[in-house]
Every structure is written in C-alpha cells, then in structure tokens.
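Numbering (our numbering), first residue to last: 762 to 1054.
For every residue, glycine included, the Cβ atom is placed at its ideal position computed from N, Cα and C.
The structure displayed is predicted, hence computed values, not measured ones.
Written out below as structure tokens is the structure these notes cover.
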Amino acid sequence: MKKKTAIVTGGTANDVSAMACLVMNIKDTNPNLADEIIILHDGISEKDQRLINRIYPTRFIFYESPFKDVTDFGDVVTKYFSPMVFCKYECFKLLADYECVIWTDYDVVIVDDISELKVKTVNGIRMDISRGSLVSESFKGDAKLALENYNLTREGISMGVFCLFNNLFNVQGIYDFCIKYTKKFAPHLFLPEQAIINLMLQHFNIDVSLNTPLGKKYTVHPVYDKNIRDVKIYHSYGQPKFWNGLCNKTWELNYKKWIKMGGTPYEYRTLKGKIKKSFVYRGLRKALRLLRK
C-alpha cells in the first residue's frame, strides 16, 4: 500500500549539514506534512543518517547515477552544480511508493504552512512557471539547431519546489525521456534539469498552467526579491547560500543544533578549516609579493 506523502531533497554528502537544517526546519514548521522525508545522496555517513532520523523519519537513498558514461557535461553541471542535480528525476519513480511527492531544494528556509502543496492537481503535476525566463535560456551553444520541434520562446519552469501526484500519466515514459534527453543534450545544458523538464512537458503535452501555480511566495530570495507578501519559503538561489555568507537566523540556529548533536559540520566553519584557509590566504599573498619583485 502506498504511503501518502514524501518530501524529497538530495545532494552531495558535502552538504549534509544543509540537508539536516532543512529536516529540522520541516519538523518545526510542518511536522505533519509528510509520512517521511527522502534524501537522495552520494555517500552520507551512517552516523549522520542516524542523527537526521532522530529529527524526522527519513529514508536515505544512495543515488546511482544513470549518467556515469556521460563525459561531455559542461562546467555548469560538473563544477557549479554536480551531476547530483539530476537526482530530481527520481521523484517520478518514487510515485510507485507514494501518492504525493514534494521536492524541495535544501538551500531554503520554510517560514509558514505549506500543506496546500498536497492538494492534487488535474494532471498530476505542480510546477511554478518562471515568469520572464524562456525555455531557450536553459540551454547554451548550438542546441537550438536540434530543438526545432520545441517552442523555445515559451516561459520555462522553476524547479526549486515542485509536486508530483499518483494520477500523473505515463510516469515511466517521462522518466525514460529525462534520462535519454539529458544524455543527448549534455554539452548544452545551462539550467540542467530544468532544461530537460521543459522539453518533457512539451513532449508529453503537460500544461502546468492548468493547475494553481505555486507563485513567487515559494521561492523568495531574502535579498533580491522585495515586496513579496505571504512568504512561504525563502530560497537562497545563486550565491551566496545560507551557509556561506547569506545570514539567516533560523538557518544558523538549526546549524548550531546540528553541530551540538554531533553532526558533520562544514569544514570551513571549523577551527581546522579556518586555519587551513588562513594558511592558503597567506601563501597566496606571499606568492603575489614574489611575483611583483
């Protein structure tokens, strides 16, 4: 029997602290939103898994990337993001176990009740339309030459938060399309998973505008977005994040709780990391002085 709702996030083990902070945040603001949280990861330690499970029932799934044979991803995938960005596709497969799957990026702070996300849509999907951002902007290079069958001037979607429901048609076909086209357009992906999902929606004739949109209140940047009312989620999209320069009291409080529990910290926030950074900085200064001579 399917469970009702899962909240899903995912990323590399380097950001386990941020994912733990998200789990604490969900427990504090929406404790009854889901049966469990799912974290897709590439090697979170068993100790950290046990600690997170003490906060909220959490299922950890090691992400077996279907793109290990892809060698032509650009720097935006391999350096700015990571191939873990494509773990979002796994949400489609999770519909085999849950009636509702809610994805959220972990660089967020939830500030209000978001239970309305569980309201099923007519076509089994809820994604936010990124106003003013076109499908073409998700690609780079000469990809447009191979995309003549798609409308690149349509407004694209945003994937910081999205919802899937068990009335979504042809889930396996959707998943297979995402894998195939990610490989096909690997060198041309700028907003990697969004680019492919934009194509998928057109290929399967899924109109997300038929559903109640999430709205900007679910992806409010705490600095760049002004005059947004009824904020649901602050999203530190871009750089810096809450953990490396963008201060947020809720996030910092949760991070301190995580460290007190014995969770793995961000190395650069430890004494060892600060000393290491100091030595590197002094070394660079010395090298620059020598170059000037």
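Measure the alpha-carbon distance for V716 versus L783 and round it to whole angstroms.
Beyond the ends of the chain as shown, which are 762 and 1054, falls residue 716; an answer cannot be given.
Determine the DSSP secondary structure at L925, reduced to helix, strand or coil.
Three-state DSSP puts L925 in a strand.
Specify, as a first and last residue, the run of the beta strand (DSSP E) that S894 falls within.
Note, S894: beta strand (DSSP E), I886 to L895.
With a 10 Å radius around its C-beta and 16 neighbouring C-beta atoms as the bar for buried, classify Q933 as buried or exposed.
Exposed is the label assigned to Q933, since fewer than 16 other Cβ atoms lie within 10 Å of its Cβ.
Whose C-alpha, out of D776, I875, K765 and P792, is nearest the C-alpha of Y750?
Since the first residue shown for the chain is 762 and the last is 1054, residue 750 is missing from the structure and cannot be characterised.
From the DSSP output, read off the bridge partner residues of K764.
For K764, which the question treats as bridged, DSSP gives the partners Y859.
Taking contact to mean 3 or more Cβ pairs, one atom from each stretch, closer than 8 Å, check whether the region 844 to 854 and the region 883 to 900 are in contact.
Note that the region 844 to 854 does not touch the region 883 to 900; fewer than 3 beta-carbon pairs, one per stretch, sit closer than 8 Å.
Three-state secondary structure (DSSP) of E797:
Taken through DSSP and simplified to helix, strand or coil, E797 comes out as strand.
Tell me the start and end of each unbroken beta strand (DSSP E) in the region 958 to 1024 that is at least 3 residues and wholly inside, in chain order.
Within the region 958 to 1024, the complete beta strand (DSSP E) runs of at least 3 residues are 994 to 996.
Does the distance from the C-beta atom of S778 to that of W1019 stay below 9 Å?
Result yes, Cβ atoms of S778 and W1019 sit closer than 9 Å.
Whole-angstrom distance between K1010 and Y859, CA atom to CA atom
One C-alpha to the other measures close to 33 Å.
Complete alpha helix (DSSP H) runs within the region 811 to 858 (minimum length 4 residues, chain order):
For the alpha helix (DSSP H) assignment, the uninterrupted runs of no fewer than 4 residues enclosed by the region 811 to 858 are, from N- to C-terminal side, 851 to 854.
Hey, could you find the ends of the beta strand (DSSP E) I871 is sitting in?
Where I871 is concerned, the enclosing beta strand (DSSP E) stretches over V869 to I871.
Taking the continuous alpha helix (DSSP H) assigned at D903, which residues delimit it?
Run containing D903: none; DSSP gives neither H nor E here.
From which residue to which residue does the alpha helix (DSSP H) around T943 run?
Counting along the chain, the alpha helix (DSSP H) containing T943 begins and ends at V932 to K945.
Is T790 helix, strand or coil by DSSP?
Here T790 sits in helix by DSSP.
Spatial neighbours of P818 within its chain, please: C-beta separation below 8 Å, excluding the five flanking residues on both sides.
Scanning its chain for C-beta atoms nearer than 8 Å, with the 5 sequence neighbours on each side dropped, one finds around P818 the residues D796, E797 and I798, in chain order.
With a threshold of 16 other CB atoms inside 10 Å of the CB of A956, please say whether the residue is buried or exposed.
Buried is the call here.
Tell me the DSSP secondary structure of S806 in three-state form.
Coil at S806, not helix or strand.
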